[in-house]
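>
In the working numbering, the protein residues as written are 146 to 188.
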């Protein structure tokens, strides 16, 4: 069975209707989920 990843969410910043804004752990996301996070997929 694959290891579960911890949620990257650190703090909910705001909510506007159905949309929530979260502060996330960018280092964790780049290392475990998406290496291009905050790079917009550009090289």
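Where a beta carbon is used, it is the ideal one built from N, C-alpha and C, also for glycine.
#1: The alpha helix (DSSP H) that contains residue 117, what's its start and end?
#2: Helix, strand or coil: which one does DSSP assign to residue 157?
#3: Excluding five sequence neighbours on each side, which residues of the same chain lie with their C-beta closer than 6 Å to the C-beta of residue 175?
#4: Output the distance between the C-alpha atoms of residue 157 and residue 169, rounded to the nearest integer angstrom.
#5: Looking only at C-alpha atoms, which of 165, 149 and 161 sits nearest to residue 155?
Looking at the coordinates:
#1: Residue 117 lies beyond the range of the chain shown here (146 to 188); nothing can be said about it.
#2: Here residue 157 is taken as the residue at index 12 of the chain shown, counted from 1. Note: residue 157 maps to strand in three-state DSSP.
#3: Against the chain shown, residue 175 aligns to sequence position 30. Close CB contacts of residue 175 within its chain, under the 6 Å cut and outside five residues either way in sequence, are with 182 (chain order).
#4: What you label residue 157 is simply residue 12 of the chain shown in a count that begins at 1. What you label residue 169 is simply residue 24 of the chain shown in a count that begins at 1. If you take the alpha carbons of residue 157 and residue 169, they lie about 9 Å apart.
#5: Here residue 155 is taken as the residue at index 10 of the chain shown, counted from 1. Ranked by Cα distance from residue 155, the options 165, 149 and 161 are led by 165.
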